[in-house]
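Have a look at the structure below, then the notes.
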Amino acid sequence: MVQAQRGLFQQTGPGRRPGPGRAVGGPAMASVLSGPAVQALFGARLPVLQAGMGGVAQPELAAAVCEAGGFGMIGLYRHEEGEICELLARTAALTPARFGVNFVPFVLDAEQLLGRLACLADRPERPVVTFFGLPQARVLRSLPAGMDYGAQVGSREDLDAAFDAGLRFGVLQTVEAGGHHLGALTRARALDQADQLLAGGRMVFLSGGISNAAELRLALDAGYAGALCGTVFAATEESAAHARYKQAIVDARPDDTVVTDRFSIGWHTHRHRVIRNRSCDGDLSAGVIGFAHYFGKRYPILRYSVAVPTAQTEGQIEDMALYCGTSCKDTHAVRTVRQVLADLTS
Numbered sequence: 012m013v014q015a016q017r018g019l020f021q022q023t024g025p026g027r028r029p030g031p032g033r034a035v036g037g038p039a040m041a042s043v044l045s046g047p048a049v050q051a052l053f054g055a056r057l058p059v060l061q062a063g064m065g066g067v068a069q070p071e072l073a074a075a076v077c078e079a080g081g082f083g084m085i086g087l088y089r090h091e092e093g094e095i096c097e098l099l100a101r102t103a104a105l106t107p108a109r110f111g112v113n114f115v116p117f118v119l120d121a122e123q124l125l126g127r128l129a130c131l132a133d134r135p136e137r138p139v140v141t142f143f144g145l146p147q148a149r150v151l152r153s154l155p156a157g158m159d160y161g162a163q164v165g166s167r168e169d170l171d172a173a174f175d176a177g178l179r180f181g182v183l184q185t186v187e188a189g190g191h192h193l194g195a196l197t198r199a200r201a202l203d204q205a206d207q208l209l210a211g212g213r214m215v216f217l218s219g220g221i222s223n224a225a226e227l228r229l230a231l232d233a234g235y236a237g238a239l240c241g242t243v244f245a246a247t248e249e250s251a252a253h254a255r256y257k258q259a260i261v262d263a264r265p266d267d268t269v270v271t272d273r274f275s276i277g278w279h280t281h282r283h284r285v286i287r288n289r290s291c292d293g294d295l296s297a298g299v300i301g302f303a304h305y306f307g308k309r310y311p312i313l314r315y316s317v318a319v320p321t322a323q324t325e326g327q328i329e330d331m332a333l334y335c336g337t338s339c340k341d342t343h344a345v346r347t348v349r350q351v352l353a354d355l356t357s
């Protein structure tokens, strides 16, 4: 068990094992807090990281998560340096808390990624940097000093490689996750093999379908530092997801999701979990089905595009990539970030 990284249970009530920390709430309530190492690195009171989802994770969502006690992140995907600076400034104006950014190495070459990292190193915000997948070896050898880095991966081998490269934390993704998949590990296996995966006191968060306090506690009991969640935050009021996309998550159940390679225009290397729709079920023309407005530009969206529908998207929303994990099982309404975090940690 990796005691140094575990969350702290604040518990009361008959039949509950005592945990470190003070008791909170009434006789049948329990709260979960971040362990000391997580609080020191992220400044987060709660051991929940919000996934840096492209398009969906904008400053308003990241700041709301930080303000509610979790750790929020902006999804940077293909953003250019000027746009990144604007997003950082907007987030910092909404919260004094530390926040993070997320890059996708699969859609940027080494020069592009290193240029963006150098830009971050000169910024006063100094966000925590996460990578969705391991960056190229050249990038890992040339990371700018003075920042904290982590990576989301889908296998033990990539987790080992991330820590061997000197990254401070890892996120282990399982197949229950929505969006692009980095491996084939199930959450049950990740829990069963925690002693091997977390050897040496490594700070690792678990990701994939975690949507309630019982599932978070199982991860913490196994030794994980906490959870990284995406779908439950995509369906919040503060999320930049399109309103019809949020409602689709609310209406979906795990059996309504499918792992496919259909939405590969713009990112063809990984299969992804989405809500099944017409684009999944038939070979339809890959023509323009909508447009996205972002940073003053209008972008066409093709059927089978990787693009997620946001509040700035128009067109056939229900036919676009509706990324969704099995955590939709506990998403019964569009809620605030604060309500989601309360349900995850109470």
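This note's numbering numbers the first residue of the sequence shown as 12 and each following residue consecutively.
The beta-carbon is built from N, C-alpha and C at its ideal position, and this holds for glycine as well.
All figures in this text were calculated on a predicted structure; none of them were measured in a lab.
task: Taking 8 Å as the cut-off, decide whether the C-beta atoms of Thr347 and Glu226 are in contact.
output: No, they are not a contact pair.
field: Pick from Arg89, Val49, Met64, Gly83 that is closest to Phe10, judged by C-alpha positions
entry: Not covered by the structure: residue 10. The range shown for the chain is 12 to 357.
Rounded C-alpha distance that separates Gln163 from Gly181: 6 Å
Rounded Cβ spacing between Arg198 and Gly219 (contact assumed at less than 8 Å): 5 Å
- prompt: When you compare each of Tyr256, Asp330, Tyr235, Arg264 to Asp294 by their alpha carbons, which one comes out closest?
  reply: Asp330
task: Give a yes or no on whether the C-beta atoms belonging to Leu128 and Gly165 are separated by under 8 Å.
output: In this structure, Gly165 does not lie closer than 8 Å to Leu128 by Cβ.
query: Where does Asp70 sit, in a helix, a strand or coil, going by DSSP?
result: What sits at residue 70 in the sequence shown is Pro, not Asp. Looking at Pro70 - three-state DSSP - the assignment turns out to be helix.
query: Is Phe244 buried or exposed, if buried means 16 or more other CB atoms sit within 10 Å of its CB?
result: buried
- prompt: Going by DSSP, which residues form a beta bridge with Asn288?
  reply: Answer is none; Asn288 lacks a bridge partner.
- prompt: DSSP three-state call for Val215: helix, strand or coil?
  reply: strand
Cross-strand partners of Gln184 (DSSP beta bridge): Ser218
query: Identify the residues that DSSP records as bridge partners of Glu325: which are they?
result: Phe302
- request: Give the C-beta separation of Leu183 and Ala201 to the nearest angstrom, bearing in mind that I take them to be a contact with Cβ-Cβ under 8 Å.
  value: 6 Å
- request: Buried or exposed for Ser42, please, with buried defined as at least 16 other CB atoms from any protein chain shown within 10 angstroms of its CB.
  value: buried
message: For Gly36 and Ser357, I'd like the C-alpha separation in whole angstroms.
response: Model confidence at Gly36 stands at a pLDDT of 42, short of 50, so the residue's coordinates are unreliable and nothing is read from them.
query: In terms of DSSP beta bridges, what is Pro311 paired with?
result: Partner(s): Phe302.
- request: Please classify Gln69: is it buried, with 16 or more other beta-carbons within 10 angstroms of its beta-carbon, or exposed?
  value: buried
- request: Take every Cβ of the region 265-273, pair it with every Cβ of the region 102-109, and state whether three or more of those distances are shorter than 8 Å.
  value: By the Cβ rule, the region 265-273 does not count as touching the region 102-109, because fewer than three pairs are nearer than 8 Å.
message: Just to confirm the assignment, what range does the alpha helix (DSSP H) spanning Tyr256 have?
response: 254-262
message: Cutting at 6 Å between CB atoms, please list the residues of its own chain near Arg289, excluding the five before and the five after it.
response: Taking Arg289 as the centre and dropping the five residues before and after it, the same chain places the C-beta of Asp330 closer than 6 Å to its C-beta, in chain order.
- prompt: At what residues does the alpha helix (DSSP H) containing Thr102 begin and finish?
  reply: 92-105
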